[in-house]
Each structure stands twice: as C-alpha cells, then as structure tokens.
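Residue numbering for the sequence shown follows the working numbering, beginning at 3 and increasing consecutively. C-beta atoms are modelled at their ideal positions from N, C-alpha and C, and glycine is treated no differently. Being a predicted model, the structure only gives us computed values, none of them experimental. Notes for the one structure printed next.
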Amino acid sequence: MTALKYLQAYPVELQDQVRWLITEGRLGDYLDKRYPQKHDVQSDKALYAYALDLKQEYLRNAPAIDKVLFDNRLDLTHRALGLHTTISRVQGGKLKAKKEIRVASLFKEAPCEFLKMIVVHELAHFKESDHNKAFYKLCEHMLPGYHQVEFDLRVYLTWREMQ
C-alpha cells in the first residue's frame, strides 16, 4: 500500500481512490481535466497585485499587506506551502508591524485555483490566527469549494512527487 504523506489526515476511502488513480496511471489526467488552466502570475510584483486584489475584495478592514513574494526556500517537508508573517520594526520611535505573505515557488507552475487557495489561506490568517471553524468559514467565503481545492492540491503535490 502506497503511503500518501500529503493525504494522511483524510479518510482511508479517499486515499484508496487516489491510490487507484495512481495504479491506473490516471492521476495526472484527473488533475488536468479538473484544473486545466494555469495562471499567469509569474513575478513577485504580479503576486502582490493578485493578493492585494483578493484582500480588497474580501478583507478591506484587515491590516495592509506590505510584501508578497514567491519563496524558493519554503520546504514542503515542513508542510509550508505558504507563510504569513508579521515583522515588527522600530521606526522613528514607534513600533511598526509589517505583514508579509510568502508562497512556495512551485506554485508558479500550478493551476490558478491552487495559487488562489494558498493566497486565500494566508490572507485568512490576517483575521483568524488559528485553523478553527471561523478560519475555514472565511476561506470558504473567499474561495467557494475551498475544501475540495485543498484536497486536490494535496493530490497535486502527491502527483508532483511521483514525477
């Protein structure tokens, strides 16, 4: 039985379906059919504009985003697909908090829904710090079908690892 490290938290029945697709050699076809469109966000500047648009649409009252970038140092083995940070600095005798979002560079080549899921997830942390019911409700509001996209993203990571 193949260990599916990105899908361990899901029910065995779902994992078995993914294993069947792997055995049949159809996992890539499943992903291509479900997510045929790649995004055109290829630079940090474009990623910043993309995240800012999502923030303006759904989280107008959340703190401003100071930096958004693709980061080739984010490591999937530590389950970091994206990262939100608040960096505090002293400026002119005042403490300023800078909000940053970093997205793993592998998402430059991913379908547009996966990039949106990662950005939505990190933006939601600006309002809700924990992965609780309110957090996932906010994610679902910003990206309807969030949970399915998150599952398929994990399937995508499994497929990429097999390549």
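- Comparing alpha-carbon positions, the option among Q165, E115, E130 lying closest to Q150 turns out to be E115.
- A contact is defined here as three or more CB-CB pairs under 8 Å, and the region 109-128 fails this definition with respect to the region 3-20.
- Annotation note: the region 28-80 contains the following uninterrupted alpha helix (DSSP H) runs of length 4 or greater, listed N- to C-terminal: 29-36, 46-60.
- Around the beta carbon of A112, 16 or more other beta carbons lie within 10 angstroms, which makes this residue buried.
- In the DSSP assignment, L16 falls within the unbroken alpha helix (DSSP H) covering 14-26.
- DSSP, read as helix, strand or coil, puts A126 in helix.
- DSSP places L97 in the uninterrupted beta strand (DSSP E) bounded by 96-106.
- Secondary structure of Q10 (DSSP, three-state): coil.
- Counted as a single uninterrupted DSSP element, the alpha helix (DSSP H) harbouring F153 occupies residues 148-164.
- For H133, the secondary structure class from DSSP, reduced to helix, strand or coil, is coil.
- By the neighbour-count criterion, in which a residue is buried when 16 or more other Cβ atoms sit within 10 angstroms of its Cβ, I67 is buried.
- Here the alpha carbon of G27 sits roughly 10 Å from the alpha carbon of R21.
- Beta-bridge partners of V92 (DSSP): L97.
- Taken atom to atom, the span from the alpha-carbon of D31 to that of Y52 is near 28 Å.
- In the same chain as H41, and ignoring 5 residues on each side of it, the C-beta atoms closer than 6 Å to its own belong to C114, L117, in chain order.
- For N74, same chain residues with a beta-carbon under 6 Å away, outside a window of 5 residues either side, are S107 in chain order.
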